[in-house]
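Okay, structure coming up:
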């Protein structure tokens, strides 16, 4: 529901300081309200420049199943017509929209249910999240925002400690944001009509996605192997990403079958070293790291696809390089 893809936005945030203990286990909650703005280049309608974002997360640590946590997350968008905020909209994150409210003022929402299983002694972690979202994720004009879309994420991590004290970690993740084909809200004798889009610029802030960076209608698979020494780490990773299947299946699949997808493969390596004089093994106040990789992408944004007339697919290579210097402040 959220990632680091977009920049920050003004918001109010509150959470429980720690788990609240109960006979059923630990309970915690987080809540957020913020104001999102559309891109300056989106449209010239000044009435839809902002909308209210509400987010709620409830977490349950299940003590009778060691290491298991369940999480429910909800994101709700409320249109702010002319930028005016009705304080009653704050509560609609929890209670939903009033039944008598007009269609142009109704909010849209998406929610997920997830779990995390963490077994530190065995060096294993697994997590999953599945959800359903309204069509505000799809910014195309004339698309019904009453049709639900399924999204899910699966991930794991496995760490093995050698007799010398070094560690190996294998980790992977699968994410899919499945967007169904646009469905008409109703059909009449004069043609097909679609429900008006209530949140015009969707789940974005200033044109940048708030959710997964791969975007709606996309899927990705990631696999990495890392080695952790006393002061150094080395790793290799690979990723496959297929973007915007919603558009592809609607516009290009009939002409190109499985060959015309916007598909990217990435292979990279990373390394880090501790430069500090930390007391603990493998730790220190200063660390230096780098990550480099190469990727090959086919049919970026479906450039060159021409209803089957062009069969020479557009391919391009990209190189990524990242260098970081991190200072870890003492916590106590």
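Residue numbers (this note's numbering): 87 to 418. Beta carbons: idealized from backbone N, C-alpha and C, even for Gly.
Considering only their Cβ atoms, is the gap separating residue j from residue i smaller than 9 angstroms?
i: residue 237; j: residue 262; result: yes
i: residue 302; j: residue 348; result: no
i: residue 378; j: residue 355; result: yes
i: residue 324; j: residue 352; result: yes
i: residue 70; j: residue 209; result: Absent from the model: residue 70. The displayed extent of the chain is 87 to 418, so no value can be given.
i: residue 300; j: residue 333; result: no
i: residue 296; j: residue 88; result: yes
i: residue 133; j: residue 167; result: yes
i: residue 112; j: residue 146; result: yes
i: residue 174; j: residue 136; result: no
State the Cα-Cα distance for the pair residue i and residue j, rounded to the nearest angstrom.
i: residue 104; j: residue 203; result: 19 angstroms
i: residue 197; j: residue 216; result: 8 angstroms
i: residue 165; j: residue 380; result: 41 angstroms
i: residue 159; j: residue 310; result: 27 angstroms
i: residue 407; j: residue 315; result: 23 angstroms
i: residue 151; j: residue 298; result: 30 angstroms
i: residue 319; j: residue 305; result: 29 angstroms
i: residue 253; j: residue 245; result: 7 angstroms
i: residue 118; j: residue 141; result: 5 angstroms
i: residue 172; j: residue 260; result: 39 angstroms
i: residue 181; j: residue 139; result: 15 angstroms
i: residue 90; j: residue 294; result: 10 angstroms
i: residue 127; j: residue 292; result: 9 angstroms
i: residue 194; j: residue 339; result: 29 angstroms
i: residue 97; j: residue 350; result: 35 angstroms
i: residue 130; j: residue 124; result: 11 angstroms
i: residue 251; j: residue 211; result: 20 angstroms
i: residue 108; j: residue 102; result: 14 angstroms
i: residue 214; j: residue 240; result: 4 angstroms
i: residue 313; j: residue 382; result: 26 angstroms
i: residue 157; j: residue 176; result: 22 angstroms
i: residue 153; j: residue 400; result: 47 angstroms
i: residue 398; j: residue 307; result: 26 angstroms
i: residue 335; j: residue 92; result: 27 angstroms
Three-state secondary structure (DSSP) at residue i?
i: residue 128; result: coil
i: residue 204; result: strand
i: residue 400; result: coil
i: residue 170; result: coil
i: residue 341; result: helix
i: residue 386; result: helix
i: residue 96; result: coil
i: residue 191; result: helix
i: residue 150; result: coil
i: residue 316; result: coil
i: residue 292; result: coil
Nearest to residue i by CA position, among the options, is which residue?
i: residue 242; options: 183, 373 and 256; result: 256
i: residue 205; options: 155, 98, 141 and 394; result: 155
i: residue 374; options: 392, 410 and 402; result: 410
i: residue 344; options: 391, 193, 106 and 182; result: 391
i: residue 414; options: 360, 117, 335 and 260; result: 360
i: residue 162; options: 148, 179 and 147; result: 179
i: residue 387; options: 239, 90, 153 and 337; result: 337
i: residue 121; options: 143, 288 and 106; result: 288
i: residue 404; options: 393, 384 and 322; result: 384
i: residue 317; options: 357, 339, 199 and 293; result: 357
i: residue 106; options: 130, 116, 341 and 199; result: 116
i: residue 346; options: 393, 139 and 147; result: 393
i: residue 341; options: 201, 322, 114 and 396; result: 396
i: residue 144; options: 169, 250 and 100; result: 100
i: residue 39; options: 149, 95 and 398; result: Since the first residue of the chain shown is 87 and the last is 418, residue 39 is not available in this structure.
DSSP has residue i in a bridge; who is on the other side?
i: residue 165; result: 137
i: residue 328; result: 305 and 349
i: residue 108; result: 111
i: residue 178; result: DSSP, once it has assigned bridges, lists no residue as partnering residue 178.
i: residue 243; result: 211 and 257
i: residue 356; result: 321 and 377
i: residue 218; result: 197 and 236
i: residue 121; result: 138
i: residue 298; result: BP columns for residue 298 are empty, so no partner.
i: residue 159; result: 143 and 198
i: residue 412; result: 373
i: residue 406; result: 379
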